[in-house]
Amino acid sequence: MSKRLLPDWGWDCILQARHVVWAANGATSFIVRDIEVEIALGGAWRCAATPAAETAALLDLFLPLVARATPLVIAQLGQSLDGRIATESGDSFYINDMEARTHLHRVRASVDAVVVGVGTVNADDPQLTVRHVPGPSPLRVVLDPRARARPQARVFHDRAAPTLHVVSTAAAEAAGLAASAAQASPRGGLAPLARDELRRLALPCTDAGFEPAAVLRVLHEAGYRRVLVEGGGVTVSRFLQAGVLDRLHVLVAPLLIGSGRPGLTLPPIDALSAAIRPASRCFACGVDTLFDLDLRREGFSATARDAAAAPAHPAGSRAE
Ligand SMILES: NC(=O)c1ccc[n+]([C@@H]2O[C@H](COP(=O)([O-])OP(=O)(O)OC[C@H]3O[C@@H](n4cnc5c(N)ncnc54)[C@H](OP(=O)(O)O)[C@@H]3O)[C@@H](O)[C@H]2O)c1
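Here the sequence shown is numbered in my numbering, starting from 1305 and rising by one per residue.
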């Protein structure tokens, strides 16, 4: 096996694939560190040499996220085996292993914008930048309808990436905050942000909060077509419930907390047949297990199981 085809090589391929204009290309090929790799729209790949198993898994996991012509909305949650994302007091450092953090930074580098709820900003004071892998930091979007984010939060001051503070029109007026208004209409109103810009945006908001589809429409119209909803549980649950997520990454740690903040919370259902059972893949991520859920495809059918059991693609190639 070639020494060069380690995960760093795979990550370089993914970063290159991220910049391909997939709407105009059904497939592409390029050379990364002397090795040619071919990538098809949708993420199937082939290369001249056999990559290490972790490298192949990395390509399998990330190429479907970047080799697509349509917008992507992905969410992630890192949780304990019993479904908690933080303790009752809000401590979430570190539910997951170090490798999970690297994974999260890779997802950030794969998207144009990362969305968090104000609960996460106030509890964690996150930077939301890409630091553990090479790659660009996305636009940071804070959903804060009542304008209750701590003013000293790092995302508002560090100028490490552009930041959009989304408040409700009513809160902006009540607090006398300067905010540009964007109509959640096909014409939109948001211009792309400069590299280290902080901007406040006022959006219409009902008792149910901002409509996730309206938030995404504003971002998409400004050119932020790949969006990560990074947490916390309330925010991811709202986007899931609204049916706007294409994918969900759940990183499960072998940890039992027994109490604390829940990950996903959706309205009650009576029958399991009403539960969401998406197509899923499983990846090792240090001591954690990553579930990659494709929310646009059903899972658990006999056909899907048979297909999963079918012989693998030839060495050095893979299709999702
Ligand atoms: N393990 C992980 O993966 C992970 C990731 C992130 C955070 N966390 C942890 O999770 C905890 C915070 O999570 P959380 O679930 O309590 O809060 P959160 O999701 O971070 O923030 C929730 C708040 O954000 C606002 N918001 C979110 N979506 C909205 C929408 N569509 N429309 C209007 N407002 C919206 C609302 O603010 P208002 O209440 O003002 O209406 C809502 O109550 C922290 O302890 C953090 O450490 C864990």
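Backbone N, C-alpha and C fix where the C-beta goes; we use that ideal spot for every residue, glycine too.
Computed from a prediction, not measured in an experiment: that's the story for all the values here.
| Check | Outcome |
| --- | --- |
| Are there any heavy atoms of ligand 2 lying less than 7 Å away from the beta-carbon of F1460, as far as the coordinates show? | Absence of ligand 2 is noted for the structure shown, with ligand 1 being the only ligands found. |
| Have a look at the DSSP bridge pairing and note the partners of S1441. | Looking at the DSSP assignment, S1441 forms no beta bridge with any residue, so it has no partner. |
| Would you tell me roughly how many angstroms separate the C-alpha atoms of P1430 and F1397, rounded to the nearest one? | 11 Å |
| Does the contact criterion of 3 or more C-beta pairs under 8 Å hold for the stretch 1443-1456 versus the stretch 1406-1419? | yes |
| What residues in its chain sit with their C-beta under 6 Å from that of V1324, if we drop five residues either side in the sequence? | T1332 |
| Can you determine whether any heavy atom of ligand 1 sits closer than 7 Å to the C-beta of E1534, and answer yes or no? | yes |
| If distances are taken between C-alpha atoms only, which option among G1346, C1586, G1314, P1572 comes closest to I1339? | G1314 |
| Is it buried or exposed, R1322, if we count other Cβ atoms within 10 angstroms and call 16 or more buried? | buried |
| Measuring alpha carbon to alpha carbon, tell me which residue in R1452, V1522, G1513, P1311 is nearest S1484. | V1522 |
| Assuming V1370 contacts I1335 under a Cβ cut-off of 8 Å, what Cβ separation, rounded to an integer in Å, is found between them? | The Cβ separation is near 18 Å, so there is no contact. |
| On the CB-based measure, 16 or more other CB atoms within 10 Å of its CB, does D1428 come out buried or exposed? | buried |
| I need the straight-line Cα distance from G1439 to A1575, nearest angstrom please. | 43 Å |
| Can you list, in chain order, the residues of its chain with a C-beta nearer than 7 Å to that of P1310? Leave out the 5 residues immediately preceding and following it. | Sequence inspection shows Leu at residue 1310; the Pro mentioned does not correspond to that position. Result list for L1310: A1356, T1359, in chain order. |
| Is G1480 a contact residue of ligand 1, with contact defined as CB to any heavy atom under 7 Å? | no |
| Have a look at W1254 and V1341 and give me their C-alpha separation to the nearest angstrom. | This structure cannot speak to residue 1254, because the chain is shown only from 1305 to 1624. |
| Are there 16 or more other CB atoms within 10 angstroms of the CB of R1450, so buried, or fewer, so exposed? | exposed |
| Between G1535 and T1569, which are expected to be in contact by the criterion C-beta below 8 Å, what is the C-beta distance as a whole number of angstroms? | Going by Cβ atoms, the distance from G1535 to T1569 rounds to 13 Å, so no, they are not a contact pair. |
| Can you tell me which of F1460, L1494, L1363 puts its alpha carbon nearest to the alpha carbon of D1500? | F1460 |
| For N1400, is the classification buried or exposed, using 16 other Cβ atoms within 10 angstroms of its Cβ as the cut-off for buried? | buried |
| Only counting the same chain, and skipping five residues up and downstream in sequence, which positions put a Cβ closer than 6 Å to that of A1603? | Note on identity: in this sequence residue 1603 is Gly, with Ala being the wrong assignment. Once the five neighbours on either side are set aside, the close Cβ partners of G1603 are R1581, P1582, A1583, S1584. |
| So for C1317, helix, strand or coil by DSSP? | helix |
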